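The working numbering puts the first residue of the sequence shown at 841, with every later residue one more than the last.
The C-beta atom is built at its ideal place from N, Cα and C for all residues, glycine as well.
All values derive from a computational prediction rather than experimental measurement.
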Amino acid sequence: MKLLNNLYAYPEQGMLDSNTYILKSNPGIIFDPGNTQYLANKIGMMQQDGIDPKDIGIIVNTHLHIDHRTANEAFKKLSGGKIALHPMQKKNYQLVVIEADRLLGVEPVEFKEDYLLDEKVLKTGDTEIDLIPCPGHSPDSICYYIRNDKVLICGDVLFDMNTGRVDLPGGNADELKKSIEGLSQLDIEYLLPGHMGIVAGKEKVKENFSYIKFNVFPWL
Ligand SMILES: [Zn+2]
Ligand SMILES: [Zn+2]
841 MKLLNNLYAY PEQGMLDSNT YILKSNPGII FDPGNTQYLA NKIGMMQQDG
891 IDPKDIGIIV NTHLHIDHRT ANEAFKKLSG GKIALHPMQK KNYQLVVIEA
941 DRLLGVEPVE FKEDYLLDEK VLKTGDTEID LIPCPGHSPD SICYYIRNDK
991 VLICGDVLFD MNTGRVDLPG GNADELKKSI EGLSQLDIEY LLPGHMGIVA
1041 GKEKVKENFS YIKFNVFPWL
């Protein structure tokens, strides 16, 4: 589904899947391919929107939990794109991939990155994306802020009226609160979370930050 300009959204398709977002550019970027099981389905929807996986050159993740990254390798094969990890994701790979998968009772689904992203900015075509580390839900959570479009791809840091869980390896409620407070200072028109719906409109995004501040973290 087209969201705005060059940005497309493909909602999670079932258990252990995540929302997937695409930025059409040169090269295109896929954010969180999700779970391998649902990839064919999502690619079908992309093709209906006129997106050819071969136009996607960069595969990134908001964080490396199982529901966001198991399709990384499969999407790479189909598209010819390269998997790019943020340095914080590389650093926390053991915790967020191996230990978290084991805790969830599955044999870890591993993958190998092709290169590391810059710490702060990801550029494609005319678009600059700020990379904002937001630990709390996981130590490797990175939010992608597309300044020109006022879009924040926020993974599981926060959702529509809720936040991500903090009980998986490396999770921390204090850090999550600080991360969300930092994000609330940004000028955001579209909040694109890893699960459930999109929050659209500056006022709605503001209300969502206030709701979370007063209802999710009243004890902090
Ligand atoms: Zn997660
Ligand atoms: Zn998730």
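Exposed unless 16 or more other CB atoms sit within 10 angstroms - verdict on residue 1014: Locating residue 1014 in the sequence shown gives position 174, counting from the first residue. Exposed: under 16 other Cβ atoms inside 10 Å.
For residue 911, I'd like the list of residues in its chain whose CB is within less than 7 Å of its CB, leaving aside the five on either flank, ordered along the chain.
-> Stepping through the sequence shown from its first residue, residue 911 is reached at position 71. Cβ within range, chain order: 873, 874, 875, 876, 879.
Three-state class that DSSP yields for residue 867 in the structure shown | Position 27 of the sequence shown holds residue 867. In the displayed model, residue 867 falls within coil according to three-state DSSP, outside both helix and strand.
| said: Taking only three categories from DSSP, how would you classify residue 860? | reply: By one-based count along the sequence shown, residue 860 stands at place 20. Strand, per DSSP.
Across the segment 1006-1013 and the segment 981-995, are there enough close Cβ pairs to call them in contact, namely three or more that are closer than 8 Å? The answer is no - the segment 981-995 does not touch the segment 1006-1013, with fewer than three Cβ pairs under 8 Å.
### Query
Grouping DSSP H, G and I as helix and E and B as strand, with all else coil, what is residue 1002?
Along the sequence shown, read from residue 1 onward, the residue named residue 1002 stands at position 162. Reduced to three states, the DSSP call for residue 1002 is strand.
- Any heavy atom of ligand 1 closer than 7 Å to the CB of residue 978? As a first step, residue 978 is located in the sequence shown; it is residue number 138 there, counting from the start. At least one heavy atom of ligand 1 is nearer than 7 Å to the Cβ of residue 978, so yes.
Mind listing, in chain order, the residues whose beta carbon lies closer than 6 Å to a non-hydrogen atom of ligand 2?
858, 905, 907, 908, 996, 1034, 1035
**Report entry** DSSP-derived helix/strand/coil call for residue 843
**Finding:** Position 3 of the sequence shown, counting from 1, holds the residue named residue 843. Here residue 843 sits in strand by DSSP.
CA-CA distance, residue 978 and residue 1035? The residue you call residue 978 lines up with position 138 of the sequence shown. The residue you call residue 1035 lines up with position 195 of the sequence shown. Their Cα atoms are separated by approximately 15 Å.
By DSSP, does residue 895 sit in helix, in strand, or in coil?
-> Mapped onto the sequence shown, residue 895 falls at position 55. The answer is helix: DSSP assigns residue 895 an H, G or I state.
- Task: Look at residue 971 and residue 959 and say whether their C-beta atoms are less than 8 Å apart.
- Result: Here residue 971 refers to the residue found at position 131 when the sequence shown is read from its first residue. Here residue 959 refers to the residue found at position 119 when the sequence shown is read from its first residue. Contact flag set, yes.
Residue 968 to residue 855, Cα distance in whole Å?
Looking up residue 968 in the sequence shown gives position 128. Looking up residue 855 in the sequence shown gives position 15. The straight-line gap from Cα to Cα measures roughly 32 Å.
What does a CB cutoff of less than 7 Å around residue 816 pick up in its chain, not counting 5 residues either side in sequence? Outside the shown range of the chain (841 to 1060) lies residue 816, about which nothing can therefore be said.
Is residue 896 near residue 851, with beta carbons less than 8 Å apart?
Within the sequence shown, numbered from 1, the residue matching residue 896 stands at position 56. Within the sequence shown, numbered from 1, the residue matching residue 851 stands at position 11. It is not a contact, given that the beta carbons lie outside the stated cut-off.
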